[in-house]
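Protein chains in written order, with this note's numbering: chain Y, 921 to 1101; chain A, 921 to 1101.
We treat Cβ as the ideally placed atom computed from N, Cα and C, and that holds for glycine.
This report refers to the structure that appears directly beneath it.
Number of protein chains: 2
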Amino acid sequence: MEVSVLRIGHRFVRDDRITTHVALVSRAFGASTVYMTEVDKSIKESIAKVGNIWGGESDFNIEIVQDWKNVIYSWKKNSGKVIHLTMYGINVDDAISEIWKLTKALVIIGAQKVPREVYTLADYNVAIGNQPHSEIGALSIFLDRVFKGEELKKNFRGAKLRIIPNGKGKRVREASDGDIS
Amino acid sequence: MEVSVLRIGHRFVRDDRITTHVALVSRAFGASTVYMTEVDKSIKESIAKVGNIWGGESDFNIEIVQDWKNVIYSWKKNSGKVIHLTMYGINVDDAISEIWKLTKALVIIGAQKVPREVYTLADYNVAIGNQPHSEIGALSIFLDRVFKGEELKKNFRGAKLRIIPNGKGKRVREASDGDIS
Chain Y
921 MEVSVLRIGH
931 RFVRDDRITT
941 HVALVSRAFG
951 ASTVYMTEVD
961 KSIKESIAKV
971 GNIWGGESDF
981 NIEIVQDWKN
991 VIYSWKKNSG
1001 KVIHLTMYGI
1011 NVDDAISEIW
1021 KLTKALVIIG
1031 AQKVPREVYT
1041 LADYNVAIGN
1051 QPHSEIGALS
1061 IFLDRVFKGE
1071 ELKKNFRGAK
1081 LRIIPNGKGK
1091 RVREASDGDI
1101 S
Chain A
921 MEVSVLRIGH
931 RFVRDDRITT
941 HVALVSRAFG
951 ASTVYMTEVD
961 KSIKESIAKV
971 GNIWGGESDF
981 NIEIVQDWKN
991 VIYSWKKNSG
1001 KVIHLTMYGI
1011 NVDDAISEIW
1021 KLTKALVIIG
1031 AQKVPREVYT
1041 LADYNVAIGN
1051 QPHSEIGALS
1061 IFLDRVFKGE
1071 ELKKNFRGAK
1081 LRIIPNGKGK
1091 RVREASDGDI
1101 S
């Protein structure tokens, strides 16, 4: 299943670090593209730096868009489904078996209040619990549900460094030809 | 299992919104207490406001501490285990069966670089995948693993408002005596 993320309602400067986390989570947990409006271009640079060292550069994109509605319209035109993450939605665990049937999903996450029409434009309004929390937390758990935890062991192609998981400290090695990358 | 969270390395102002998300995620996904150093007091106020409306006020605390090491020492003295979330650790899905055996866990999450000694003070260094991402994302998935998804349907006692999960918009009702609260 191909998953992309649309980040809306970003408030310039104030939300920059939150939006950087949104992009990092999207990349780490298996999304293909993040669409964002009006963000500081340093966010794109940070993510490029991460991809350069830790891999998967060609599998993940950030696209800066002028109009988020156009992203939704063109996604729907291309037979993609739209999933809006909101505390008012259906619990993810009640919706996930439907979502697993999709081949292409656009996940919308907002900062603070989201325009009313997002609720009606979305094919699914899905809640990661019905309590207020964080769009970063919501996106993380959503991607984890979609990819069934396999995203946590995903191989990132073309990495320069790889971590050797360790219970007591940091162990890192240079990536080699023997890696599946 | 009782889980508390220790947030270290918060950089004043710059990290305020990230730390607010840490607190919101901790509350929403079933942690009891968040220990924080040097944060803006508006964070405590935001969380109190959320608890007042959406419930669980008496089940969740934020404690501002002077020295994070003392939190670790006194936690260990009281037979609690310490789990540090880090991209260098053992994959959560390889560690979770051990973690489920614990009765009291303190989860440490850092902002950016974490002092070396955290790795040795921790009983477990656990990775939510071995890629760089977000302490908010890491904490969310960790709590979801610990509480096996049940945290997403948890009842928050004393709520003034409750959401009626809805696929197409917002539905909220006032909490009543019939609620298990």
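8 Å Cβ cutoff met for residue i and residue j
{"i": "V887 of chain Y", "j": "G1009 of chain Y", "result": "Chain Y is shown only over 921 to 1101; residue 887 of chain Y falls outside these bounds and no answer can be derived."}
{"i": "W974 of chain Y", "j": "P1085 of chain A", "result": "no"}
{"i": "L1022 of chain A", "j": "L1059 of chain A", "result": "no"}
{"i": "S999 of chain A", "j": "F980 of chain A", "result": "no"}
{"i": "H930 of chain A", "j": "E965 of chain A", "result": "no"}
{"i": "H941 of chain Y", "j": "I1016 of chain A", "result": "no"}
{"i": "I928 of chain A", "j": "M1007 of chain Y", "result": "no"}
{"i": "K1074 of chain A", "j": "G950 of chain A", "result": "yes"}
{"i": "I982 of chain A", "j": "Y1044 of chain A", "result": "no"}
Proximity winner among the options, relative to residue i (alpha-carbon distances)
{"i": "L944 of chain A", "options": "A:R934, A:K1024 and A:E1055", "result": "A:E1055"}
{"i": "N1011 of chain Y", "options": "A:L1072, A:A951 and A:G971", "result": "A:L1072"}
{"i": "K997 of chain A", "options": "A:L1026, A:P1035, A:D979 and A:L1005", "result": "A:L1026"}
{"i": "R934 of chain A", "options": "A:D960, A:V923, A:R947 and A:A951", "result": "A:D960"}
{"i": "K1001 of chain A", "options": "A:V925, A:K1033, A:E983 and A:I963", "result": "A:V925"}
{"i": "S962 of chain A", "options": "A:A1031, A:F932 and A:R1036", "result": "A:F932"}
{"i": "P1035 of chain Y", "options": "Y:K989, Y:K1024, Y:N1050 and Y:G1057", "result": "Y:K989"}
{"i": "R1093 of chain A", "options": "Y:E1018, Y:I1019 and Y:N1050", "result": "Y:N1050"}
{"i": "A948 of chain A", "options": "Y:G1057, Y:G1030 and Y:E1018", "result": "Y:G1057"}
Per DSSP, cross-strand counterpart(s) of residue i
{"i": "R927 of chain Y", "result": "Y:M956 and Y:I1029"}
{"i": "H1004 of chain Y", "result": "Y:I1028 and Y:N1045"}
{"i": "N981 of chain A", "result": "A:T953"}
{"i": "L1081 of chain A", "result": "A:E1094"}
{"i": "E922 of chain Y", "result": "Y:K1024"}
{"i": "I905 of chain Y", "result": "Summary: the structure shown does not reach residue 905 of chain Y, with chain Y confined to residues 921 through 1101, and so no result is reported for it."}
Anticipated Cβ contact below 8 Å, residue i with residue j, distance rounded
{"i": "M956 of chain A", "j": "V1066 of chain A", "result": "Not really, about 20 Å apart at Cβ, beyond 8 Å."}
{"i": "L1041 of chain Y", "j": "I992 of chain Y", "result": "5 Å"}
{"i": "I1061 of chain A", "j": "I1048 of chain A", "result": "5 Å"}
{"i": "R1077 of chain Y", "j": "G976 of chain Y", "result": "6 Å"}
(request) Count the C-beta pairs between the segment 966 to 980 of chain A and the segment 993 to 1002 of chain A that are closer than 8 Å, then say yes if the count reaches three, no if not. (result) The count of Cβ pairs closer than 8 Å, one atom from the segment 966 to 980 of chain A and one from the segment 993 to 1002 of chain A, stays below three, leaving the stretches out of contact.
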